[in-house]
Amino acid sequence: MDIINLVFVFVLAIFLGVELINKVPSTLHTPLMSGSNAISGITLVGALALAGSDNEIVSILGAVAVGFATINVIGGYMVTDRMLAMFKKKEGGDGK
Amino acid sequence: MDIINLVFVFVLAIFLGVELINKVPSTLHTPLMSGSNAISGITLVGALALAGSDNEIVSILGAVAVGFATINVIGGYMVTDRMLAMFKKKEGGDGK
Amino acid sequence: MSTEIIDLVYIAAAILFIVGLKFLGSPATARKGNVISSIGMAIAVIATLFTKGLNFELIIGGFVIGGLIGAVVARKVEMTSMPEMVALFNGFGGLASLFVGWSALKATASPEVFFLVTVFLSILIGGLTFTGSLLAYGKLSERISGRPFVYAGQRIVNSGILLAVVVCAVLFIQNPADQNWLYLAVGLSLLLGVMFVLPIGGADMPVVISLLNSFSGIAAAAAGFAIGNILLIVAGSLVGASGIILTNIMCKAMNRSLSNVLFSGFGTVSTSSGPVIEQGEVKPMSADDAYYVLEAASSVVVIPGYGMAVAQAQHVVKELQELLEHNGAEVVYAIHPVAGRMPGHMNVLLAEADVPYDLLLEMDQINPRMETFDVAIIIGANDVVNPAAREVESSPIYGMPVINADQAQTVFVLKRSMASGFAGIDNPLFFKENTRMLFGDAKETLGNLVKAFD
Amino acid sequence: MSTEIIDLVYIAAAILFIVGLKFLGSPATARKGNVISSIGMAIAVIATLFTKGLNFELIIGGFVIGGLIGAVVARKVEMTSMPEMVALFNGFGGLASLFVGWSALKATASPEVFFLVTVFLSILIGGLTFTGSLLAYGKLSERISGRPFVYAGQRIVNSGILLAVVVCAVLFIQNPADQNWLYLAVGLSLLLGVMFVLPIGGADMPVVISLLNSFSGIAAAAAGFAIGNILLIVAGSLVGASGIILTNIMCKAMNRSLSNVLFSGFGTVSTSSGPVIEQGEVKPMSADDAYYVLEAASSVVVIPGYGMAVAQAQHVVKELQELLEHNGAEVVYAIHPVAGRMPGHMNVLLAEADVPYDLLLEMDQINPRMETFDVAIIIGANDVVNPAAREVESSPIYGMPVINADQAQTVFVLKRSMASGFAGIDNPLFFKENTRMLFGDAKETLGNLVKAFD
Ligand SMILES: NC(=O)c1ccc[n+]([C@@H]2O[C@H](COP(=O)([O-])OP(=O)(O)OC[C@H]3O[C@@H](n4cnc5c(N)ncnc54)[C@H](OP(=O)(O)O)[C@@H]3O)[C@@H](O)[C@H]2O)c1
Ligand SMILES: NC(=O)c1ccc[n+]([C@@H]2O[C@H](COP(=O)([O-])OP(=O)(O)OC[C@H]3O[C@@H](n4cnc5c(N)ncnc54)[C@H](OP(=O)(O)O)[C@@H]3O)[C@@H](O)[C@H]2O)c1
């Protein structure tokens, strides 16, 4: 039953992801790519738990994962923000 | 942990429902309403399990639920289909 | 069937529901979407039947009775009565949730708090949905007056009932053995459904039904939490969310807020309210004279409204369209999002009469080119073509987007009298220079026009 | 912090990711969306740190090192090198999934089959993502040749590797104690990533990166299944799905299929291939003469391409725009979806130069009114304005939607030579009656134009 719940979550998230991204203008493809790339650094959360293990091999492997995932997360969000900071609208217009 | 999975499913399904329905043209509001109404007859599945209980009260209440839910399901889908059967496009055009 | 297989079928069913809902959102695929969604329901039910140790006698009884009622009603109902049918079915869905919750409660020896809360929710929301939907059904089918029933302190009374329900919930959850609190809460929730729908006018019922539809989804989801059935949660939440969004889309189309719909008793005023700004001469015209105008027209826009539904004039409209087209004119229909008494009302009626849906233009498509039409034929529409919404700031419908029929070269208005429409306000359009009134039942008037063509 | 609270935080984080992704889909809200999503990440990480019994030394080590590298690289990188940066980060994400899977495997004494399968998936997809992304990085940053590397039997070799991986998987799962099969599989998956990206040309890298991004999401989701962490599943699947969809949108914009992008080695041909249909006289023009034309123009459309990126001409373009506007002309930009070497390449560059994004029009908006422009200035674009895509059926790019620059009154083409663009085909536009070539580096040419205005 537990696995089936996880599968349900998986299926729903896939459909939701598809709905969310469909029809994004090409203007935003690159920042969208790097922004969602940063989200995939969520492995960090999984890595943290493992890095805290008593078993030395486990915790070292986990710590390595923490390191790489952190690069992905920090770097990804910062790069995306830098890109998006440059998207400006002509003053006075309203959002579209 | 089990409850939390269910809550995750709930949250994802809510967001998905919102994304799916946003921007539907008003032409389709009534059939959409009755079509999704039919889906809410899914309680039928819950009712079935209860109607099969050994406990007499439980099974009678369950059977009553089966009856009402079946009206909702059968009636809902049929009415929706009748409505939609009448939506026709001018011959020769392609779907839009 | 092992539970793993049942679970897999449930996942497949959930996917079918999702895909079905998506397809329901576009005219070209909507019917397929409904079929897909019904297949999802079918496989879910069949898989559930394979659960071990079911009592088939009772189940089959429920199936047969419910299925027969549902099928017969769905086949017999008139196309014009669709909205009340949807309301009725929705009410039964709510009632089913109530019974599922109740039954689950009886089935559980030592319930936990989480279970009790969700059971309580499914029973209450189910009950409220039931009576609310029944009342909506009554109002729409005109078994009871469609008038909004408003009295002072309404909100206070309703809040009081809601508070009482919460108190019952707390008392019940603290001592689940004593089920009197539960029964009291059920009674209160049934009452709440009635009190909630009473102050809302018949013409606002579609919004209410959509909202109640959302509630029935939430009730199903709550029942799913109670009995730990994930498919109920998924399907229920999908419906819950889509109902809310649909409600919201409808309110936007009417340029009103949800709370205005629910609490304001819109439609109470039945006679003219504000000062009539632009009076003038009303120019009646006979069908024969109108024929000559139509005969010469090369482009015609038909604007139907609630009166077309009352007169059941959709078939004769289609006849007229064909005659006009035969005569070389372009004919399109302009459909206002809230024309009639339910969203898409006009679309359903015209579809019944085999009018292709690509001739039905939305307001935003038609308004910019309204001036290019030789004739606008308004068939039993009133509020949705009222220029006061554009011109008269003091009008209760000021700001509502309308079809600018008055900008066509000539305007024909087909209605029986000078009476006002649903919003109960005067319509300056009737007095405009280029307007001609064709008084009488729309079906008859159109019939005369058709005869003139033959 | 109790696990219940952590779970609630996880739900909040999932909601923030969803809302963040939604906001990322519209220019006006994208930056806010990225912040929202990063807040989701932050609260998820912080909540996880409250899990009992963590070994903080190692964790902090990982944080500090990874955080520093990420932050420094993200700050230092040139705007023009964004695509390769994204590829690199993506590779690290894949590597992290590999290590999480591996670590989880070591942490589990008697693993079940489901666990083993998911661990295996997270390791393999993670590994493939890692090397594939590294190679994409190398090609984009021109550390290695961007040329597609194609050889006969490529697909057979790749399928062979994939098959070998599956065999390893089966053997490993049957006897998880013997981890040699796993190590072999890891090696093979690293190899597969390389082999997969090798045959793809540098200019197709954005599609590949988007696909690898999707893979890294799937790897995270697989890791989530392995360690039973639902947030990993949700976030991973969201990214997995959105990456696939994005890949698909990009392919559509280039009018090519995904398999054409992945397997065809597009861009291999570096010299003119087909017969040149429309030859004629090339009419070069000096910047000074061009100035007089621009001075008299009342509407100008700027069409940038890859050459603008090479020349780093975005700032001087903006200068010219302001001068033209000052001179009373309307200036807009026409952006082809695959102009440059990554999707949105032109948008990012022009945004860097502070060009307001509502001046950037998409192809479909600009083509219908192209004739109304006095001058079209093409800055280092070639394929995306090639009329052969419309006119020459034998052309490899026939059918690709292009910007119809040739329909403007006068066309200025700023490039260094008569060389072809990425697709390696001749461009009949250069020989048209109304085309003038302004040879030279785009930045220099534009600089001369600006000087002429002063
Ligand atoms: N569609 C929805 O979902 C929805 C929901 C909530 C509220 N509403 C409200 O309902 C109204 C809809 O506007 P509407 O323009 O369609 O209708 P309306 O404003 O209610 O006007 C209908 C007109 O039809 C005429 N009529 C009635 N029976 C007729 C017959 N047999 N033959 C010819 N004419 C007949 C009536 O005039 P006579 O009596 O003189 O014949 C009446 O003026 C709006 O105010 C809207 O806000 C709609
Ligand atoms: N955007 C994407 O996501 C993406 C992805 C995959 C593939 N592609 C492909 O990339 C191509 C993009 O088309 P495009 O029109 O932007 O570029 P292009 O067709 O590659 O042409 C670029 C032109 O810029 C000129 N150029 C280079 N450096 C210059 C400089 N310093 N100053 C002035 N001109 C310079 C070159 O001519 P000279 O050498 O004569 O100066 C060249 O003809 C398309 O074929 C597209 O399918 C794009």
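Protein chains in written order, with this note's numbering: chain A, 76 to 171; chain B, 76 to 171; chain C, 10 to 463; chain D, 10 to 463.
Beta carbons: idealized from backbone N, C-alpha and C, even for Gly.
Nonlocal neighbours in the same chain, by C-beta distance under 7 Å from residue 170 of chain D, ignoring five residues either side: To locate residue 170 of chain D, count along the fourth sequence from 1; it is residue 161. Once the five neighbours on either side are set aside, the close Cβ partners of residue 170 of chain D are 197, 200, 201 and 204.
For residue 300 of chain D, three-class secondary structure by DSSP: Working through the fourth sequence from its first residue, we reach residue 300 of chain D at position 291. Residue 300 of chain D: helix per DSSP, three-state reduction.
Residue 428 of chain D beta carbon near ligand 2 (any heavy atom closer than 7 Å): For the purposes of this step, residue 428 of chain D is taken as the residue at position 419 of the fourth sequence. Under cutoff, so the answer is yes.
Near ligand 1: residue 263 of chain C beta-carbon under 7 Å from a heavy atom: Residue 263 of chain C sits at position 254 when you count from the first residue of the third sequence. The answer is yes for residue 263 of chain C.
For residue 369 of chain D, the residue or residues it bridges with in DSSP: For this step, residue 369 of chain D is matched to residue 360 along the fourth sequence. Looking at the DSSP assignment, residue 369 of chain D forms a beta bridge with D/342.
Ligand 2 heavy atom lying under 7 Å from the CB of residue 350 of chain D: Start at 1 with the first residue of the fourth sequence, and residue 350 of chain D comes out as number 341. Under cutoff, so the answer is yes.
Where residue 124 of chain B meets chain A, residues with beta-carbon distance less than 9 Å: Position 49 of the second sequence holds residue 124 of chain B. Within chain A, no residue comes near residue 124 of chain B; the closest Cβ sits about 14 Å away, beyond 9 Å.
7 Å CB neighbourhood of residue 53 of chain D in its chain, flanking five on each side removed: Position 44 of the fourth sequence, counted from the first residue, corresponds to residue 53 of chain D. The answer, listed in chain order, is 18, 19, 22 and 240.
Sequence-distant residues of its chain with Cβ nearer than 7 Å to residue 392 of chain C (five each side left out): Position 383 of the third sequence, counting from 1, holds the residue named residue 392 of chain C. 406, 430, 431 and 432, listed in sequence order.
Assigned exposure category for residue 81 of chain B - 16 Cβ within 10 Å defines buried: As a working note, residue 81 of chain B is residue 6 in the second sequence. With 16 or more other Cβ atoms within 10 Å, it is buried.
6 Å Cβ shell around residue 135 of chain C - same chain, five flanking residues per side excluded: Along the third sequence, read from residue 1 onward, the residue named residue 135 of chain C stands at position 126. Contacts found: 103, 106, 107 and 228.
CB of residue 126 of chain D within 8 Å of CB of residue 45 of chain D, strictly: Your numbering for residue 126 of chain D matches position 117 in the fourth sequence. Your numbering for residue 45 of chain D matches position 36 in the fourth sequence. Using a Cβ distance threshold of 8 Å, residue 126 of chain D and residue 45 of chain D do not count as a contacting pair.
Residue 156 of chain C: CB within 7 Å of a non-hydrogen atom of ligand 1: Stepping through the third sequence from its first residue, residue 156 of chain C is reached at position 147. Result no, Cβ not under 7 Å from ligand 1.
Inter-residue CB distance, residue 121 of chain B and residue 109 of chain C (contact presumed, cutoff 8 Å): Walking along the second sequence from the start, residue 121 of chain B turns up at place 46. Walking along the third sequence from the start, residue 109 of chain C turns up at place 100. Correct: roughly 5 Å between the Cβ atoms.
Whole-angstrom distance between residue 47 of chain D and residue 321 of chain D, CA atom to CA atom: Locating residue 321 of chain D in the fourth sequence gives position 312, counting from the first residue. Locating residue 47 of chain D in the fourth sequence gives position 38, counting from the first residue. Cα-Cα distance, rounded: 31 Å.
Residue 3 of chain C Cβ short of 7 Å to ligand 2 heavy atom set: Lying outside 10 to 463, the shown extent of chain C, residue 3 of chain C is not represented and no answer is given.
Supposed contact pair residue 112 of chain D and residue 125 of chain A - C-beta distance, whole angstroms, cut 8 Å: As a first step, residue 125 of chain A is located in the first sequence; it is residue number 50 there, counting from the start. As a first step, residue 112 of chain D is located in the fourth sequence; it is residue number 103 there, counting from the start. The beta carbons of residue 125 of chain A and residue 112 of chain D sit about 4 Å from each other, so the pair counts as a contact at 8 Å.
Residue 391 of chain C Cβ short of 7 Å to ligand 1 heavy atom set: For the purposes of this step, residue 391 of chain C is taken as residue 382 along the third sequence, with counting starting at 1. The beta carbon of residue 391 of chain C sits closer than 7 Å to at least one heavy atom of ligand 1.
Nearest-angstrom Cα separation, counted from residue 438 of chain D out to residue 394 of chain D: Residue 394 of chain D sits at position 385 when you count from the first residue of the fourth sequence. Residue 438 of chain D sits at position 429 when you count from the first residue of the fourth sequence. When rounded, the distance between both Cα atoms is 8 Å.
Candidates B/155, B/147 and B/161, of which the one nearest residue 142 of chain C by Cα: Residue mapping note: residue 142 of chain C aligns to position 133 of the third sequence, counting from 1. Closest by alpha carbon: B/147.
beta-carbon residue 324 of chain D near ligand 2 non-hydrogen atom, thresh 7 Å: Taking the first residue of the fourth sequence as position 1, residue 324 of chain D is located at position 315. Relative to ligand 2, even the nearest heavy atom lies 7 Å or more away from the CB of residue 324 of chain D.
Beta-carbon proximity list for residue 94 of chain D, same chain, < 6 Å, skipping 5 on both sides: As a first step, residue 94 of chain D must be located in the fourth sequence, where it is residue number 85. Closer than 6 Å at Cβ, skipping near neighbours: 86.
Range of the contiguous alpha helix (DSSP H) that encloses residue 421 of chain D: The residue labelled residue 421 of chain D in the question sits at position 412 within the fourth sequence. Judged by DSSP secondary structure, residue 421 of chain D falls outside any alpha helix (DSSP H) and instead within the beta strand (DSSP E) spanning 419-424.
Option in C/304, C/252, C/195 and C/73 with minimal Cα separation from residue 131 of chain C: As a working mapping, residue 131 of chain C is identified with position 122 in the third sequence. Per the Cα distances, C/195.
Chain A within 8 Å of residue 146 of chain D, Cβ atoms only: Position 137 of the fourth sequence holds residue 146 of chain D. No, because no Cβ of chain A sits closer than 8 Å to the Cβ of residue 146 of chain D.
CB contact below 8 Å: residue 130 of chain A versus chain B: Locating residue 130 of chain A in the first sequence gives position 55, counting from the first residue. No - not a single Cβ of chain B is within 8 Å of the one on residue 130 of chain A.
Where the beta strand (DSSP E) containing residue 447 of chain D begins and where it ends: Along the fourth sequence, one-based indexing puts residue 447 of chain D at 438. Counting along the chain, the beta strand (DSSP E) containing residue 447 of chain D begins and ends at 444-448.
Selected residue, minimal CA-CA separation from residue 396 of chain C, among C/426, C/191 and C/441: On the third sequence, position 387 is the one that residue 396 of chain C refers to. Checking every option, the nearest Cα to that of residue 396 of chain C belongs to C/441.
Residue 385 of chain C (DSSP reduced to helix, strand or coil): What you label residue 385 of chain C is simply residue 376 of the third sequence in a count that begins at 1. Residue 385 of chain C: strand per DSSP, three-state reduction.
Residue 296 of chain D beta carbon less than 8 Å from that of residue 454 of chain D: In the fourth sequence, residue 454 of chain D corresponds to position 445, counting from 1. In the fourth sequence, residue 296 of chain D corresponds to position 287, counting from 1. The answer is yes: Cβ separation under 8 Å.
Chain C within 8 Å of residue 79 of chain B, Cβ atoms only: Taking the first residue of the second sequence as position 1, residue 79 of chain B is located at position 4. The beta carbon of residue 79 of chain B sits no closer than 8 Å to any beta carbon of chain C.
Cβ of residue 278 of chain C within 8 Å of any chain B Cβ: As a position in the third sequence, residue 278 of chain C is number 269, starting the count at 1. For residue 278 of chain C, the predicted structure reports a pLDDT of 44, less than 50, and the residue's modelled location is therefore unreliable. A value from the coordinates is still provided. False, the Cβ-Cβ gap to chain B never drops below 8 Å.
Cut-off 8 Å between Cβ atoms - residues of its own chain near residue 152 of chain A, not counting five sequence neighbours on either side: Stepping through the first sequence from its first residue, residue 152 of chain A is reached at position 77. Listed in chain order, the non-local C-beta contacts of residue 152 of chain A below 8 Å within the same chain comprise 110 and 113, local neighbours out to five positions each way being set aside.
Contact set between residue 92 of chain C and chain B, taken where Cβ atoms lie within less than 8 Å: Residue 92 of chain C sits at position 83 when you count from the first residue of the third sequence. Correct list: 105.
Closer than 7 Å: residue 99 of chain B CB and nearest ligand 1 heavy atom: Within the second sequence, the letter at position 24 stands for residue 99 of chain B. No, the beta carbon of residue 99 of chain B sits no closer than 7 Å to any heavy atom of ligand 1.
CB of residue 332 of chain D within 8 Å of CB of residue 421 of chain D, strictly: Position 323 of the fourth sequence, counted from the first residue, corresponds to residue 332 of chain D. Position 412 of the fourth sequence, counted from the first residue, corresponds to residue 421 of chain D. No, the Cβ-Cβ distance between residue 332 of chain D and residue 421 of chain D is not below 8 Å.
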